[in-house]
Amino acid sequence: MVARSLFVPTLGWNMLLGRVLRVRRWWDRVDEHLVLGALPLARDIPSLQEERVAGVINTCEEYAGPVTAYEQAGIEQLRLPTIDFTHPSLDSVQRGVSFIERHAATGNSVYVHCKAGRARSATIAICWLMAFRNLSPADAQQLLIDRRPHVNAKLTSRPVVQEFHALMSRSPQA
Numbered sequence: 127m128v129a130r131s132l133f134v135p136t137l138g139w140n141m142l143l144g145r146v147l148r149v150r151r152w153w154d155r156v157d158e159h160l161v162l163g164a165l166p167l168a169r170d171i172p173s174l175q176e177e178r179v180a181g182v183i184n185t186c187e188e189y190a191g192p193v194t195a196y197e198q199a200g201i202e203q204l205r206l207p208t209i210d211f212t213h214p215s216l217d218s219v220q221r222g223v224s225f226i227e228r229h230a231a232t233g234n235s236v237y238v239h240c241k242a243g244r245a246r247s248a249t250i251a252i253c254w255l256m257a258f259r260n261l262s263p264a265d266a267q268q269l270l271i272d273r274r275p276h277v278n279a280k281l282t283s284r285p286v287v288q289e290f291h292a293l294m295s296r297s298p299q300a
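Read left to right, the sequence shown gives residues 127 to 300 (my numbering).
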């Protein structure tokens, strides 16, 4: 309940920093297949299309996204609703990583977002970088910080990131 009551004020803060003062970018390209950012609005769709975004992962529990605009643009959305100030479940992370890889295999990009593009979405992004770029958790974290400086700097300490890494380490593909 607290997270929901904080959604509008913190979204306003993000809008001020990103859209008005422009001291933070609304999104950042992490690599050729991954764009990490804050929640997109319908007006952002043309810019996302310029980025070759064919899929969107929405980790916001409190925001469905511009569903009609996505449909009209031919953009597939995967909703992985996660309460703000928490992290996605392992199942959600695995589904998100698979979604990114499916789109990457066709040469397209995926936009992964939460409200601010700092934690929930970055959790999925760091796991994808570990799985498909073969980066260590520390190297994946550093890449995210290099590309999006205001990303949560302690993603590697999230239990779900550690669990995902442990599963990868036990996998015969690792």
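Quick reminder that beta carbons are idealized off the backbone N, C-alpha and C, glycines included.
Inset, instruction - From the DSSP output, read off the bridge partner residues of residue 184. - result: 205 and 239
Inset, instruction - Spatial neighbours of residue 205 within its chain, please: CB distance less than 6 angstroms, with the 5 preceding and 5 following residues excluded, ordered by chain position. - result: 184
Inset, instruction - Quick one: measure Cβ to Cβ for residue 167 and residue 153, integer angstroms, because I've assumed they're closer than 8 angstroms. - result: That belief does not hold up - the Cβ atoms of residue 167 and residue 153 are roughly 12 angstroms apart, past 8 angstroms.
Inset, instruction - Starting from residue 155, follow its DSSP beta bridges and name the residues at the other end. - result: 161
Legend entry - Between the CA atoms of residue 190 and residue 236 - distance to the nearest angstrom: 17 angstroms
Legend entry - Neighbourhood of residue 139 by C-beta, 7 angstroms cutoff - its chain only, sequence neighbours within 5 removed: Model confidence at residue 139 stands at a pLDDT of 49, short of 50, so the residue's coordinates are unreliable and nothing is read from them.
Inset, instruction - Using a threshold of 8 angstroms, state whether the C-beta atoms of residue 277 and residue 250 are closer than that. - result: no
Legend entry - With 16 other Cβ atoms within 10 Å as the buried cut-off, status of residue 285: exposed
Inset, instruction - Return the CA-CA distance between residue 261 and residue 226, expressed in angstroms with no decimal places. - result: 16 angstroms
Inset, instruction - Compute the Euclidean distance between the alpha carbons of residue 300 and residue 173, then round it to the nearest angstrom. - result: Since pLDDT at residue 300 reaches only 45, below the 50 mark, its modelled position is unreliable, and no value is offered.
Inset, instruction - May I ask you to list the residues that DSSP assigns as paired with residue 179? - result: 235
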